[in-house]
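Residue numbers (my numbering): 5 to 166.
To keep things clear, I will list the structure first and then write my remarks on it.
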(Lines of atoms letter the chains of each structure in order from A; the text may use other names.)
(Lines give C-alpha, C1' and ligand atoms only; values in the text may rest on other atoms or scores of the structure.)
Protein backbone atom coordinates (compact mmCIF):
# COMPACT_ATOMS: atom_id res chain seq x y z
CA UNK A 5 0.00 0.00 0.00
CA UNK A 6 1.30 3.46 -0.87
CA UNK A 7 2.19 6.06 1.73
CA UNK A 8 0.36 9.36 1.92
CA UNK A 9 2.61 12.23 0.89
CA UNK A 10 2.81 15.09 3.38
CA UNK A 11 3.27 18.83 3.16
CA UNK A 12 6.73 19.63 1.82
CA UNK A 13 6.58 16.92 -0.86
CA UNK A 14 6.79 18.66 -4.28
CA UNK A 15 4.12 16.39 -5.80
CA UNK A 16 1.52 18.15 -3.61
CA UNK A 17 2.42 21.52 -5.16
CA UNK A 18 2.51 20.38 -8.79
CA UNK A 19 -0.62 20.56 -10.97
CA UNK A 20 -1.63 17.01 -11.91
CA UNK A 21 -1.79 15.71 -15.47
CA UNK A 22 -5.03 14.50 -17.12
CA UNK A 23 -5.63 10.77 -17.31
CA UNK A 24 -5.85 9.42 -20.84
CA UNK A 25 -5.66 5.63 -20.37
CA UNK A 26 -8.76 3.97 -18.94
CA UNK A 27 -7.27 0.54 -18.42
CA UNK A 28 -6.84 -2.16 -15.80
CA UNK A 29 -4.01 -0.20 -14.13
CA UNK A 30 -6.34 2.75 -13.59
CA UNK A 31 -9.00 0.53 -12.04
CA UNK A 32 -6.38 -1.00 -9.73
CA UNK A 33 -5.18 2.46 -8.73
CA UNK A 34 -8.74 3.51 -7.84
CA UNK A 35 -9.14 0.43 -5.64
CA UNK A 36 -5.77 1.15 -4.02
CA UNK A 37 -6.72 4.78 -3.41
CA UNK A 38 -9.88 3.69 -1.59
CA UNK A 39 -7.83 1.26 0.53
CA UNK A 40 -5.31 3.98 1.46
CA UNK A 41 -8.10 6.48 2.22
CA UNK A 42 -9.96 4.02 4.47
CA UNK A 43 -6.77 2.92 6.25
CA UNK A 44 -6.07 6.59 7.06
CA UNK A 45 -9.72 7.18 8.06
CA UNK A 46 -10.13 9.89 5.44
CA UNK A 47 -13.17 10.93 3.42
CA UNK A 48 -11.31 11.84 0.23
CA UNK A 49 -7.96 11.22 -1.43
CA UNK A 50 -6.41 12.68 -4.57
CA UNK A 51 -3.77 11.13 -6.83
CA UNK A 52 -0.96 13.48 -5.76
CA UNK A 53 -1.49 12.46 -2.14
CA UNK A 54 -0.15 8.99 -2.99
CA UNK A 55 2.57 10.35 -5.27
CA UNK A 56 0.62 9.96 -8.53
CA UNK A 57 0.46 13.30 -10.33
CA UNK A 58 -2.76 12.44 -12.18
CA UNK A 59 -6.16 14.16 -12.12
CA UNK A 60 -8.16 11.68 -10.07
CA UNK A 61 -9.76 11.58 -6.64
CA UNK A 62 -11.84 9.15 -4.61
CA UNK A 63 -14.32 10.02 -1.88
CA UNK A 64 -16.66 8.50 0.70
CA UNK A 65 -18.40 11.46 2.23
CA UNK A 66 -21.95 12.43 3.25
CA UNK A 67 -23.31 8.98 2.36
CA UNK A 68 -21.87 9.27 -1.18
CA UNK A 69 -18.99 7.19 -2.45
CA UNK A 70 -17.20 7.35 -5.77
CA UNK A 71 -14.33 8.61 -7.84
CA UNK A 72 -13.88 11.35 -10.42
CA UNK A 73 -11.29 11.35 -13.18
CA UNK A 74 -10.21 14.61 -14.85
CA UNK A 75 -12.66 16.63 -12.74
CA UNK A 76 -13.81 20.12 -13.58
CA UNK A 77 -15.33 22.05 -10.71
CA UNK A 78 -17.98 24.73 -11.14
CA UNK A 79 -19.16 26.89 -8.25
CA UNK A 80 -22.97 26.99 -8.16
CA UNK A 81 -23.33 28.95 -4.92
CA UNK A 82 -20.39 31.15 -3.97
CA UNK A 83 -21.75 31.91 -0.51
CA UNK A 84 -18.72 31.48 1.73
CA UNK A 85 -19.05 28.75 4.35
CA UNK A 86 -16.49 28.50 7.15
CA UNK A 87 -16.12 25.04 8.64
CA UNK A 88 -13.45 22.79 10.11
CA UNK A 89 -11.30 21.13 7.49
CA UNK A 90 -8.25 18.92 7.73
CA UNK A 91 -6.07 16.95 5.35
CA UNK A 92 -4.31 13.61 5.44
CA UNK A 93 -1.32 15.35 3.83
CA UNK A 94 -1.11 17.95 6.62
CA UNK A 95 -0.73 15.81 9.74
CA UNK A 96 0.24 16.92 13.21
CA UNK A 97 3.94 16.22 13.72
CA UNK A 98 3.28 14.61 17.11
CA UNK A 99 0.11 12.60 16.56
CA UNK A 100 0.07 11.99 12.80
CA UNK A 101 -3.59 12.99 12.68
CA UNK A 102 -4.87 15.76 10.40
CA UNK A 103 -4.68 19.32 11.67
CA UNK A 104 -8.06 21.05 11.43
CA UNK A 105 -8.76 24.72 10.78
CA UNK A 106 -11.83 26.74 9.88
CA UNK A 107 -11.51 26.99 6.11
CA UNK A 108 -13.66 29.03 3.71
CA UNK A 109 -15.34 27.15 0.86
CA UNK A 110 -18.19 27.77 -1.55
CA UNK A 111 -21.58 26.49 -0.39
CA UNK A 112 -22.42 24.60 -3.58
CA UNK A 113 -20.52 23.11 -6.51
CA UNK A 114 -20.88 20.79 -9.46
CA UNK A 115 -18.09 18.43 -10.41
CA UNK A 116 -17.97 16.99 -13.91
CA UNK A 117 -15.55 14.36 -15.10
CA UNK A 118 -15.27 10.72 -16.06
CA UNK A 119 -15.68 7.40 -14.31
CA UNK A 120 -13.27 4.44 -14.42
CA UNK A 121 -14.63 3.37 -17.81
CA UNK A 122 -14.34 6.85 -19.34
CA UNK A 123 -18.08 7.58 -19.08
CA UNK A 124 -19.13 11.15 -18.23
CA UNK A 125 -20.35 11.88 -14.72
CA UNK A 126 -21.73 15.02 -13.14
CA UNK A 127 -22.48 15.51 -9.44
CA UNK A 128 -24.04 18.53 -7.75
CA UNK A 129 -23.04 18.95 -4.13
CA UNK A 130 -23.70 21.15 -1.14
CA UNK A 131 -22.42 21.10 2.42
CA UNK A 132 -19.72 18.62 3.39
CA UNK A 133 -19.68 16.89 0.00
CA UNK A 134 -19.16 20.24 -1.76
CA UNK A 135 -16.29 20.95 0.65
CA UNK A 136 -14.78 17.53 -0.10
CA UNK A 137 -14.96 18.06 -3.88
CA UNK A 138 -13.32 21.49 -3.58
CA UNK A 139 -10.60 20.13 -1.29
CA UNK A 140 -9.73 17.21 -3.58
CA UNK A 141 -9.84 19.35 -6.73
CA UNK A 142 -7.46 21.80 -5.06
CA UNK A 143 -5.00 18.90 -4.60
CA UNK A 144 -5.11 18.29 -8.35
CA UNK A 145 -4.24 21.95 -8.95
CA UNK A 146 -1.27 21.87 -6.55
CA UNK A 147 -3.07 23.60 -3.69
CA UNK A 148 -3.57 22.66 -0.04
CA UNK A 149 -6.35 23.81 2.28
CA UNK A 150 -3.84 25.94 4.18
CA UNK A 151 -3.58 28.12 1.06
CA UNK A 152 -7.16 29.22 1.71
CA UNK A 153 -6.50 30.25 5.31
CA UNK A 154 -5.55 33.68 6.59
CA UNK A 155 -1.77 34.04 6.86
CA UNK A 156 -1.64 33.64 10.67
CA UNK A 157 -3.95 30.63 10.65
CA UNK A 158 -1.92 28.94 7.89
CA UNK A 159 1.30 29.61 9.79
CA UNK A 160 -0.16 28.07 12.95
CA UNK A 161 -1.15 24.90 11.07
CA UNK A 162 2.16 24.57 9.24
CA UNK A 163 4.16 24.98 12.46
CA UNK A 164 2.44 21.82 13.79
CA UNK A 165 3.07 19.82 10.59
CA UNK A 166 6.23 17.84 9.79
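Heads up, the beta-carbon is just placed ideally off N, CA and C, and yes, glycines get one too.
8 Å Cβ cutoff met for residue 92 and residue 46
yes
Beta-carbon proximity check, residue 107 vs residue 89, cutoff 8 Å:
yes
Assign residue 75 to buried or exposed, taking buried as 16 or more other Cβ atoms, counted over all protein chains shown, within 10 Å of its Cβ.
buried
If you measure between the beta carbons of residue 44 and residue 144, is that distance less than 8 Å?
no
Determine, using beta carbons only, whether residue 130 and residue 114 come nearer to each other than 8 Å.
no
Can you give me the start and stop residues for the alpha helix (DSSP H) that residue 34 sits inside?
28-43
8 Å Cβ cutoff met for residue 97 and residue 166
yes
Would you mind reading off the limits of the alpha helix (DSSP H) that contains residue 140?
131-144
By the 10 Å Cβ neighbour count, where 16 or more other Cβ atoms means buried, how is residue 58 classified, buried or exposed?
buried
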